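Numbering-wise (the numbering used here), the sequence shown opens with residue 188 and increments by one. Beneath this line is the structure, given in structure tokens, with notes to follow.
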Amino acid sequence: MARIDQALCLDDFEAMAQRHLPRPIFEYIRGGVETNASVDDNRRAFQDYAFIPRALVDVSSIDTSVSLLGKQYRSPVGIAPMGLSALSSYRGDLVLAQAGGQAGIPVIMSGSSLIRLEEVATSSPGTWFQAYLPGDVQEISKLVDRVAQAGFTTLVITVDTPVAANRENNIRAGFTTPLRPSARLLLDGLTHPRWVCNTFLRTCVRHGMPHFENNYATRGAPILSRNVLRDYSDRGHISWNHLRAIRKQWKGALVIKGILRKADAVTAIETGADAIIVSNHGGRQLDGSISPLRVLPEIADIAGDIPVMLDSGIRRGTDVLKALALGARCVFVGRPFGYATATGGRKGADRAINLITSEITRDLGLLGVTRLQDLSADVIRKIHD
Ligand SMILES: Cc1cc2nc3c(=O)[nH]c(=O)nc-3n(C[C@H](O)[C@H](O)[C@H](O)COP(=O)(O)O)c2cc1C
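What follows is the structure in structure tokens.
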């Protein structure tokens with residue numbers, strides 16, 4: 188087993204996690220959809236830009252702090268919401284929230300999580316909460332009330348999942364939600380005893396069988412169950428009207444995640460969103476949906492003072508700087524934080540945060556820029572069409 192400090196960049200955590208996790212769980216994190224067109228283009232989009240560094244600028248002092256939704260963060264990179272984090276790593280949601288909170292970066296807790304949101308809010312105040320809207324619209328306001336009562340002040344609503352995505356890779360790898368007990372799952376467990384003992388059994392012994400805790404105001408299905416009953420009903424009928432109702436009810440900051448169209452960004456802002464996350468869900472929803480970096484400039488252009496953030500494919504400090512130069516205020520990273528925490532727990536999360544934030548500082552120095560406000564389209568050029 189590689190030691191966590193042997194990871195020198197975010198991509199290094201993937202192979203470590205692949206060795207550590209049973210295949211269905213690893214593939215659940217790694218997977219995209221169908222042909223992986225969006226997953227692949229999310230990376231390619233960053234290669235379409237090149238830097239034009241400034242020479243002989245005094246970069247002895249570099250400030251990477253960013254102001255976002257009334258708070259000051261130490262670096263313009265945060266942890267994206269990931270469902271089932273407590274299945275891949277012991278108490279994963281708490282670990283990510285605490286690691287990010289202590290490092291001074293934003294962390295978004297997923298609503299498809301296995302630890303009660305109240306516990307995360309208490310242990311890491313300042314964490315943002317992400318909700319998938321319950322298909323049963325009566326349940327929406329109850330969930331929003333619960334999130335507010337727990338003390339969260341930033342609510343992220345994900346809007347790119349109107350219907351379930353075609354996750355063929357999950358089926359091929361034997362992953363279902365809830366997980367169905369099977370000979371194959373048992374064999375996967377036997378060949379990954381560290382995960383079975385240190386994550387799964389430890390969770391069951393100390394906290395009981397994990398359940399989906401936060402899709403609704405009340406507890407959902409267990410993670411391991413014979414009946415594959417989905418934890419959420421169809422949400423195909425959810426519209427901007429539901430967002431307007433949430434805006435009236437929710438007094439904190441409201442962030443809309445999963446915007447790719449300029450017109451939707453306009454509607455989100457008109458609806459009262461305090462910020463937008465341009466995202467294609469890491470290429471896990473509609474295969475072939477455009478890479479967020481490619482639409483970022485046009486969305487940033489109409490957003491005015493509303494912060495525009497971005498995720499999907501960020502792996503390097505240079506990716507972060509390109510997104511900021513094209514108009515993002517902050518970016519989020521998903522899979523690598525999942526891999527790092529699965530492999531190394533809190534140490535893994537800390538290592539991943541440290542690697543990406545150090546790269547940002549170093550890359551700013553090499554670019555000849557000392558403050559994030561000075562990153563503009565002037566420091567990059569599009570080199571491929
Ligand atoms: C394992 C996994 C679970 C995810 N679960 C959620 C979720 O519950 N809610 C959500 O809004 N996005 C979810 N996402 C999408 C991420 O928030 C984010 O948009 C995406 O991972 C960013 O792309 P990247 O992984 O290439 O950094 C998930 C992504 C992964 C990899």
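Think of the CB as a built atom: it goes at the ideal place given N, C-alpha and C, for glycine as much as any other residue. Since we're looking at a predicted model, the values are computed, not measured.
Let me check you understand the geometry: is the CB of Ser225 closer than 7 Å to at least one non-hydrogen atom of ligand 1? Residue numbering aside, residue 225 sits at position 38 when the sequence shown is read from its first letter. Result no, Cβ not under 7 Å from ligand 1.
Please name the residue, chosen from Thr348, Gln336, Asn541, that lies closest to Gly291 on a Cα-to-Cα basis. To locate residue 291, count along the sequence shown from 1; it is residue 104. Closest option to Gly291, Cα to Cα, is Asn541.
Check whether the region 288–303 touches the region 533–551, taking contact to mean three or more Cβ pairs, one atom from each stretch, closer than 8 Å. Result yes; three or more Cβ-Cβ pairs closer than 8 Å.
Flag Asn401 as yes when its Cβ comes closer than 7 Å to any non-hydrogen atom of ligand 1, and as no otherwise. Within the sequence shown, residue 401 is the residue found at index 214, counting from 1. Not so, every heavy atom of ligand 1 lies at least 7 Å from the Cβ.
Where DSSP assigns a beta bridge to Gln289, which residues make up the other side? If you number the sequence shown from 1, residue 289 lands on position 102. In the DSSP output, where bridge partners are listed per residue, Gln289 has none listed.
Just confirm the distance between the C-beta atoms of Asn385 and Tyr215, as a whole number of angstroms; I'd bet it's less than 8 Å. Walking along the sequence shown from the start, residue 385 turns up at place 198. Walking along the sequence shown from the start, residue 215 turns up at place 28. Asn385 to Tyr215, Cβ: 18 Å. No contact.
Tell me whether Phe362 sits in a helix, a strand or coil according to DSSP, three-state version. Within the sequence shown, residue 362 is the residue found at index 175, counting from 1. Looking at Phe362 - three-state DSSP - the assignment turns out to be coil, as it is neither helix nor strand.
Top-ranked residue by Cα proximity to Val258, from Arg210, Gly439, Ser545: Numbered from its first residue, the sequence shown carries residue 258 at position 71. Here the sequence assigns Lys to residue 258, which means Val is not the residue at that position. When the alpha-carbon of Lys258 is set against those of Arg210, Gly439, Ser545, the nearest one is in Gly439.
Can you check DSSP and say which residues form a bridge with Gly444? Counting from one through the sequence shown, the residue named residue 444 turns up at place 257. Just to set this straight, residue 444 is Lys in the shown sequence, not Gly. Beta-bridge pairing links Lys444 to Thr345, Ile464.
Could you check which residue in Thr557, Asp565, Ile570, Lys435 has the C-alpha nearest to that of Val253? Position 66 of the sequence shown, counted from the start, is the residue given in the question as residue 253. Minimum Cα distance to Val253 is reached at Thr557.
Taking only heavy atoms of ligand 1 into account, decide whether any of them is closer than 7 Å to the Cβ of Pro215. The residue given as residue 215 occupies position 28 in the sequence shown. The amino acid occupying residue 215 in the given sequence is Tyr; Pro does not appear at that position. Correct: Tyr215 has its Cβ closer than 7 Å to ligand 1.
Start-to-end residues for the beta strand (DSSP E) that takes in Leu554: Walking along the sequence shown from the start, residue 554 turns up at place 367. Per DSSP, Leu554 belongs to no beta strand (DSSP E); it is in the alpha helix (DSSP H), 522–554.
Closest residue to Thr458 among Trp437, Glu400, Leu551 (Cα-Cα distance): For the purposes of this step, residue 458 is identified with residue 271 of the sequence shown, where counting begins at 1. If we check each option's Cα against that of Thr458, Trp437 comes out closest.
Per DSSP, what kind of secondary structure is Pro321 in: helix, strand or coil? Counting from one through the sequence shown, the residue named residue 321 turns up at place 134. Coil.
Does DSSP classify Lys438 as helix, strand or coil? Here residue 438 corresponds to residue number 251 of the sequence shown, with the count starting at 1. If DSSP states are grouped into helix, strand and coil, Lys438 belongs with coil.
Cys391 by DSSP, collapsed to three states: which one? What you label residue 391 is simply residue 204 of the sequence shown in a count that begins at 1. DSSP places Cys391 in helix when its eight states are reduced to three.
Taking 7 Å as the cut-off, is the C-beta of Thr345 nearer than that to any heavy atom in ligand 1? Taking the first residue of the sequence shown as position 1, residue 345 is located at position 158. Yes; taking the cut-off as 7 Å, the Cβ of Thr345 has a heavy atom of ligand 1 nearer than that.
Counting only runs of 4+ residues fully inside the region 222–274, write out the alpha helix (DSSP H) ranges in chain order. 224–234
Starting from Ile212, trace the beta strand (DSSP E) both ways and give me its first and last residue. For the purposes of this step, residue 212 is taken as the residue at position 25 of the sequence shown. Not the beta strand (DSSP E): Ile212 falls in the alpha helix (DSSP H), residues 210–217.
Flag this pair as yes or no: are the beta carbons of Ile239 and Ile567 separated by less than 8 Å? Counted from its first residue, the sequence shown places residue 239 at position 52. Counted from its first residue, the sequence shown places residue 567 at position 380. Result yes, Cβ atoms of Ile239 and Ile567 sit closer than 8 Å.
Can you give the beta carbon distance from Thr340 to Tyr319, rounded, assuming they're within the 8 Å contact cut? Within the sequence shown, residue 340 is the residue found at index 153, counting from 1. Within the sequence shown, residue 319 is the residue found at index 132, counting from 1. Contact between Thr340 and Tyr319 does not hold, since their C-beta atoms are separated by about 20 Å, which reaches or exceeds 8 Å.
Closest to Ser272 by C-alpha separation, out of Asn401, Gly504, Val518, would be which residue? Position 85 of the sequence shown holds residue 272. With distances taken between Cα atoms, Ser272 lies closest to Asn401.
In whole angstroms, what separates the C-alpha of Ser310 from that of Ala510? As a working note, residue 310 is residue 123 in the sequence shown. As a working note, residue 510 is residue 323 in the sequence shown. In a straight line, the C-alpha of Ser310 is about 31 Å away from that of Ala510.
Quick one: residues in its chain with C-beta nearer than 7 Å to the C-beta of Ala512, no 5 flanking neighbours on either side, listed in chain order? By 1-based counting over the sequence shown, the position of residue 512 is 325. Counting only Cβ-Cβ distances below 7 Å, and skipping sequence neighbours, we find Leu562, Ser563, Ala564, Val566, Ile567.
Could you check the C-alpha separation between Ser545 and Ser412 for me, to the nearest Å? Along the sequence shown, read from residue 1 onward, the residue named residue 545 stands at position 358. Along the sequence shown, read from residue 1 onward, the residue named residue 412 stands at position 225. Taking the straight line from one Cα to the other gives about 42 Å.
Check whether Ser466 and Ser499 have beta carbons under 8 Å apart: What you label residue 466 is simply residue 279 of the sequence shown in a count that begins at 1. What you label residue 499 is simply residue 312 of the sequence shown in a count that begins at 1. Yes; because the gap between Cβ atoms is below 8 Å, this pair is in contact.
Taking 7 Å as the cut-off, is the beta-carbon of Ser276 closer than that to any non-hydrogen atom of ligand 1? Along the sequence shown, one-based indexing puts residue 276 at 89. Every heavy atom of ligand 1 is 7 Å or more from the Cβ of Ser276, so no.
In whole angstroms, what separates the C-alpha of Ala351 from that of Leu553? Taking the sequence shown and counting its residues from 1, one reaches residue 351 at position 164. Taking the sequence shown and counting its residues from 1, one reaches residue 553 at position 366. Straight-line Cα distance between these residues: approximately 43 Å.
Identify the residues that DSSP records as bridge partners of His398: which are they? Stepping through the sequence shown from its first residue, residue 398 is reached at position 211. For His398, which the question treats as bridged, DSSP gives the partners Pro409.
Excluding the 5 residues flanking Leu559 on each side, which residues of the same chain have their C-beta closer than 7 Å to its C-beta? The residue labelled residue 559 in the question sits at position 372 within the sequence shown. Closer than 7 Å at Cβ, skipping near neighbours: Thr251, Val253, Pro263, Leu511.
So what does DSSP say about Arg558, is it helix, strand or coil? By 1-based counting over the sequence shown, the position of residue 558 is 371. Correct three-state label for Arg558: strand.
Just to confirm before moving on: does the CB-CB distance between Leu243 and Leu274 stay below 8 Å? Walking along the sequence shown from the start, residue 243 turns up at place 56. Walking along the sequence shown from the start, residue 274 turns up at place 87. Contact: no.
Since Asp143 is in the beta strand (DSSP E), which residue starts that stretch and which ends it? Outside the modelled stretch of the chain, which goes from 188 to 572, sits residue 143, for which no answer is possible.
Does the beta-carbon of Ser248 have 16 or more other beta-carbons within 10 angstroms, so that it is buried, or is it exposed? Start at 1 with the first residue of the sequence shown, and residue 248 comes out as number 61. Exposed, by the Cβ-count rule.
What is the rounded straight-line gap between the Cα of Val226 and the Cα of Glu201? As a first step, residue 226 is located in the sequence shown; it is residue number 39 there, counting from the start. As a first step, residue 201 is located in the sequence shown; it is residue number 14 there, counting from the start. Val226 and Glu201: Cα-Cα distance of roughly 15 Å.
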